[in-house]
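The sequence shown begins at 22 in the working numbering and counts up one residue at a time.
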Amino acid sequence: FLALALLLDALKSRLIFEQQAARTDPLTGIANRRDFLESAEQELERARRHLRPVTVAYLDLDDFKDLNDRFGHEAGDSVLVTVATTLRQATRALDAVARLGGDEFGLLLPETDGPTAEALVRRLQATLADAVQERGWAVTFSLGVATFHRAPRSVDEMINRADELMYQAKRAGKAGVRFEVVARAGGERPNLGY
């Protein structure tokens, strides 16, 4: 009986470990894409129910490939860990921070309107710039930030909008941010971007 109890306890511990590993980026220790998408789905449901705004930010490291090529993947990994740690420390506990893949990160900011999102993202951008500059890394950050005053139809719509805004920032010269407030009324989506 004791052996069976120990075996079941070991299996339970292993299951918990595997469940955590399936939701965590192994390099940075923050959430992975899967966990981010699930969190976003839950947050959209909450935003619909309580009619509260939700903001999503998509962050991409500029010139990350050049850094990897010049200094090696170990330096690249250090940059990614520093970015993840900085994002996690500079956001609220209720915000979701995830590595979405490669050198791309996502932020889910519940109950965050446009002006609050802009202030937070500007502060994050400065904090990230300081963190990489003090280590001598030549990378910058392009961000796309979409605030929805009414929950969008899907997580994909929300993330795709922030991703497109991030690419607009990159095309405009990198190291920038593009913001958009989306207020859907009667199927309309006026673009209040800036």
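For each residue, glycine too, the CB sits at the ideal point set by N, CA and C.
Report yes if the C-beta distance between residue i and residue j is below 9 Å; otherwise report no.
i    : j    : result
L108 : L129 : no
L82  : V104 : yes
F162 : L80  : yes
A78  : L88  : no
T139 : A68  : Inspection of the sequence shows that residue 139 is occupied by Glu rather than by Thr. It is not a contact, given that the beta carbons lie outside the stated cut-off.
V202 : G135 : yes
D30  : T45  : no
W158 : V100 : yes
L64  : A150 : Looking at the sequence itself, residue 64 is Glu, so the reference to Leu does not match. Not closer than 9 Å, so no.
L145 : T106 : no
D98  : L48  : yes
What whole-angstrom Cβ distance do residue i and residue j have, given they're in contact under 8 Å?
i    : j    : result
L299 : V176 : Since the first residue shown for the chain is 22 and the last is 215, residue 299 is missing from the structure and cannot be characterised.
V160 : F92  : The pair is not a contact, with the Cβ atoms about 11 Å apart (cut-off 8 Å).
A204 : R171 : 7 Å
Leaving out the 5 sequence neighbours to the left and right, which residues in its chain are closer than 7 Å to residue i when beta-carbon positions are compared?
i    : result
A183 : V77, A78, Y79, G165, V166 and A167
L23  : none
N53  : R44, T45, D46, A119 and R120
A190 : S163, L164, G165, G197, V198 and R199
K33  : none
V142 : A78, L164, V166 and V198
E62  : V176
K195 : D83, T161 and S163
T148 : T107 and A111
Going along the chain, which residues of its own chain have a beta-carbon closer than 6 Å to the beta-carbon of residue i, five neighbours each way excluded?
i    : result
E178 : none
V153 : V160
In chain order, what residues of the same chain have a beta carbon less than 8 Å from the beta carbon of residue i, not counting five sequence neighbours either side?
i    : result
R73  : R67, P131 and E132
R210 : Per-residue confidence for R210 stands at a pLDDT of 43, beneath the threshold of 50, marking its modelled position as unreliable; the derived number appears in the next sentence. Excluding residues within five positions, the ones whose Cβ falls inside 8 Å are V203 and A204.
Can you tell me where the alpha helix (DSSP H) holding residue i begins and where it ends?
i    : result
R192 : V176 to R192
Starting from residue i and walking both ways along the beta strand (DSSP E), at which residues does that stretch end?
i    : result
R199 : V198 to V203
Which runs of the alpha helix (DSSP H) at least 4 residues long sit entirely within the segment 31–85? Give them in chain order.
54–71
Fully enclosed by the segment 96–162, which beta strand (DSSP E) runs are 3 residues long or longer?
117–122 and 125–131
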